[in-house]
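Visitor: Throughout, our numbering is defined as the position within the sequence shown, counted from one, plus 119.
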Amino acid sequence: GIFAEAPPMTKGVGRTGTRNDKSHTICRRCGKSSYHIQKGVCSSCGYPGKKMRRFNWSAKAKRRRTLGTGRMKYLKHIPRRFKNGFRENTTAPARKPASK
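(1) Answer yes or no: do serine 163 and serine 177 have a C-beta to C-beta separation smaller than 7 Å?
(2) When DSSP builds the beta bridges, which residues end up paired with threonine 144?
(3) Go to proline 127, then tell me how far its alpha helix (DSSP H) extends in each direction, as first and last residue.
(4) To which residues of the same chain is lysine 190 closer than 7 Å at the C-beta, ignoring the five residues directly before and after it?
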């Protein structure tokens, strides 16, 4: 016929029905589902270790969470302040009115 023969349907849920246990849950630090419950360690960020987990063999993973991927609340103003020599507590010099 026009349609190919479909494989016969199976009874029950098959392999899917046995997958009802989770080894990883949401990590408090990185938010990914990588916190191993029995080990108590996140496979992505290394929580509860003090230092963030990071390896040179995964440049893409480093790029995802490196400097500049967040708000940079302090650091985003540094280039402008550097350009002006980190001056503080000064007022701009008086500008002469444009003569016509």
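Cβ atoms here follow ideal geometry from the backbone N, Cα and C, with glycine treated the same way.
Guide: If we stick to the structure as given:
(1) no
(2) Tyr154
(3) Run containing proline 127: none; DSSP gives neither H nor E here.
(4) According to the sequence displayed, residue 190 carries arginine and not lysine. The answer is none, since no qualifying residue turns up.
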